[in-house]
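Chemist:
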Amino acid sequence: MATAAIPQEKLAGPELIDPAQETSCCIVGAGPGGMMLALLLARAGVKVTLLEAHKDFDREFRGDTLHPSILEILDRMGLAERLHQLPHNKIYGPTFQSSGVSFSPIDFRRLKTKFPYIMLLPQTKFLEFLAAEGKKYPTFRLRMVANVGQLIESEHGVEGVRYRSTAGWHEVRAPLTIGADGRFSKVRQLAGFEPVKTSPPMDILWFQLPHLPGDEHSDRVMGGFGNGRLLAVFDRIDYWQIGYVFPKGQYQQVRSAGLEAFRKSIVEIEPDFAKHVEALREWHQCSLLSVESSRCLVWYKPGLLVIGDAAHVMSPVGGVGINYAVQDAVVAANVLTEPLRNGRVRVEDLAEVQRQREWPTRVMQAIQSAMQTRMIASVLQTQGTLRIPWIVRFLFKIPILRDVPARVLAFGVRRVRLQAAD
Ligand SMILES: Cc1cc2nc3c(=O)[nH]c(=O)nc-3n(C[C@H](O)[C@H](O)[C@H](O)COP(=O)(O)OP(=O)(O)OC[C@H]3O[C@@H](n4cnc5c(N)ncnc54)[C@H](O)[C@@H]3O)c2cc1C
Numbered sequence: 351m352a353t354a355a356i357p358q359e360k361l362a363g364p365e366l367i368d369p370a371q372e373t374s375c376c377i378v379g380a381g382p383g384g385m386m387l388a389l390l391l392a393r394a395g396v397k398v399t400l401l402e403a404h405k406d407f408d409r410e411f412r413g414d415t416l417h418p419s420i421l422e423i424l425d426r427m428g429l430a431e432r433l434h435q436l437p438h439n440k441i442y443g444p445t446f447q448s449s450g451v452s453f454s455p456i457d458f459r460r461l462k463t464k465f466p467y468i469m470l471l472p473q474t475k476f477l478e479f480l481a482a483e484g485k486k487y488p489t490f491r492l493r494m495v496a497n498v499g500q501l502i503e504s505e506h507g508v509e510g511v512r513y514r515s516t517a518g519w520h521e522v523r524a525p526l527t528i529g530a531d532g533r534f535s536k537v538r539q540l541a542g543f544e545p546v547k548t549s550p551p552m553d554i555l556w557f558q559l560p561h562l563p564g565d566e567h568s569d570r571v572m573g574g575f576g577n578g579r580l581l582a583v584f585d586r587i588d589y590w591q592i593g594y595v596f597p598k599g600q601y602q603q604v605r606s607a608g609l610e611a612f613r614k615s616i617v618e619i620e621p622d623f624a625k626h627v628e629a630l631r632e633w634h635q636c637s638l639l640s641v642e643s644s645r646c647l648v649w650y651k652p653g654l655l656v657i658g659d660a661a662h663v664m665s666p667v668g669g670v671g672i673n674y675a676v677q678d679a680v681v682a683a684n685v686l687t688e689p690l691r692n693g694r695v696r697v698e699d700l701a702e703v704q705r706q707r708e709w710p711t712r713v714m715q716a717i718q719s720a721m722q723t724r725m726i727a728s729v730l731q732t733q734g735t736l737r738i739p740w741i742v743r744f745l746f747k748i749p750i751l752r753d754v755p756a757r758v759l760a761f762g763v764r765r766v767r768l769q770a771a772d
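Count the sequence shown with the working numbering and you get residues 351 to 772, in order.
1) Use the C-beta contact count for P560: other C-beta atoms within 10 angstroms, 16 or more gives buried, fewer gives exposed.
2) Tell me whether L690 sits in a helix, a strand or coil according to DSSP, three-state version.
3) Which value, in whole angstroms, describes the spacing of the CA atoms of R493 and T399?
4) Measuring CB atoms only, is the segment 598–618 touching the segment 491–507, in the sense that at least three cross pairs come out at less than 8 Å?
5) Let's test the definition: count the other Cβ atoms within 10 Å of the Cβ of D425 and tell me whether it reaches 16, buried, or not, exposed.
6) Any idea what DSSP makes of M664, helix, strand or coil?
7) Looking at the unbroken alpha helix (DSSP H) that takes in A582, where does it start and where does it end?
8) With contact counted as at least three CB pairs below 8 Å, one residue from each stretch, are the segment 643–650 and the segment 658–672 in contact?
9) Would you say the segment 535–549 touches the segment 579–589, given that touching needs at least three Cβ pairs under 8 Å?
10) Straight-line CA distance for P621 to P466?
11) Which residue comes first and which comes last in the alpha helix (DSSP H) that contains P755?
12) Less than 7 Å between C-beta atoms, sequence neighbours within five positions excluded: which residues of the same chain meet that for P357?
13) Count the other CB atoms, across all protein chains shown, that sit within 10 Å of the CB of M351; report buried if there are 16 or more and exposed otherwise.
14) Per the contact definition of three or more C-beta pairs closer than 8 Å, is the segment 383–391 in contact with the segment 432–440?
15) For A388, which residues from the same chain have a beta carbon less than 7 Å from its beta carbon, with the 5 sequence-adjacent residues on both sides left out?
16) With distance defined between alpha-carbon atoms, name the residue in I587, L639, M572, P563 nearest to I619.
17) Where do the ends of the alpha helix (DSSP H) carrying T399 lie?
18) Look at the alpha carbon of P364 and the alpha carbon of V495, and state the distance between them as a whole number of angstroms.
Laid out in structure tokens, this is it:
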């Protein structure tokens, strides 16, 4: 593949405070995708350096769902049992409720898997668990407070990155750099990859409400509809995690109506939260997620690959972002371990990762987009309540059809298997 001329400013780097570090694979971003890939490569004996901008894994909420697909992969790595020893809860499917009508379209318990549920585990704990596992391998190196700001490029392609720590600039040189640095990926931007955006019409406010004495525990995600709003409720044992969904662009309207109106609208959808909402006293208890979904047309160039949210931001519908980032990591490990061991990663190998992962991503994004625009958006925009068409209810009663959505949610559009477990 021909490489474009490298602009002069990319050749000249900042002053470094120590000699460049050499590794076989440099991964930027220790989220679920980057961490899983680093662990898989280190287990396979590949020297890997994982750079993470933050000082720890304890930061803003980004979802805590571990789907059956991830649990099966961890099981194959011999880690699932230990992971299950961490405090967690399980959900077996969503239930939608509106005006006394209830609809539970998905039941993971009917799937043929050792793990017929979504495990809810704080992402911090999941990442700490994987990092601790990685540190058992001499080929695994994790650098925290390592904020990548530059790519090192030559006429052969990308040859590593420069990152800033609190002490100054450092360099990591590697034949392969992986950008796993999330939805606002710096690596993607530096590489010049343009994501194609689709803008589904919704925003979400995330917040927690306390569990109060007398609250019953629920092993389902509850979706309540009403007044042009949608409430997604997850039971986190000692608190309720809530997503309050409304049409895109209405955040200022929600805020200017005031906290009292906000609390009232929650209770209108879920009357059982009348007491709980008193805990909502400040807007800063809520964080706003602007729903977006996008995909890069090209995920690689010589010496560089992007995976996870850096390659494709998934809509939160179905909560599949973590699953897809981990699946990308597994496919990347399946395809790239041998070339990395041999020190010869070809552009064709990087293209193969995109080839295997792009179409499941496209199909899933199309499904999410259809769900958002046809179902959720119509509820939100018409100020209506949930009406499940009879045909949908009928289809969900047919055994051969009813479990297809559960399978897609649990395993993604394409089931990904780890080729070598160690
Ligand atoms: C509010 C919210 C709720 C969500 N809920 C769910 C859910 O319930 N289920 C689900 O499956 N998905 C959910 N998602 C999506 C999910 O969080 C992402 O799809 C998933 O985390 C993607 O994983 P990743 O490894 O690709 O990227 P990320 O998890 O975003 O990790 C990227 C990492 O890169 C680091 N980084 C960024 N820039 C740099 C840099 N320059 N140098 C070094 N490091 C850098 C970041 O600090 C971060 O640790 C949610 C997202 C949001 C925002």
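Heads up, the beta-carbon is just placed ideally off N, CA and C, and yes, glycines get one too.
All of these numbers come straight from a predicted model, not from anything done at the bench.
Modeler: A quick look at the data gives this:
1) exposed
2) DSSP places L690 in the helix class (H, G or I) of the three-state scheme.
3) 7 Å
4) no
5) buried
6) coil
7) For A582, no alpha helix (DSSP H) run applies; the uninterrupted beta strand (DSSP E) run containing it begins and ends at 579–585, by DSSP.
8) At 8 Å Cβ cutoff, the stretches touch.
9) no
10) 31 Å
11) It spans 754–761 - the alpha helix (DSSP H) in which P755 sits, taken as one unbroken run.
12) Unreliable placement is indicated for P357, whose pLDDT of 48 sits below 50; the coordinate value is still reported in the next sentence. Correct list: empty, nothing qualifies.
13) Caution applies to M351, whose pLDDT of 42 falls short of 50 and renders its modelled position unreliable; the value that the coordinates give is listed next. By the neighbour-count rule (16 or more Cβ atoms within 10 Å), M351 is not buried but exposed.
14) no
15) So the qualifying residues of the chain are I377, V398, L400, G484, F490.
16) M572
17) Unbroken run through T399 is the beta strand (DSSP E), 398–401; no alpha helix (DSSP H).
18) 18 Å
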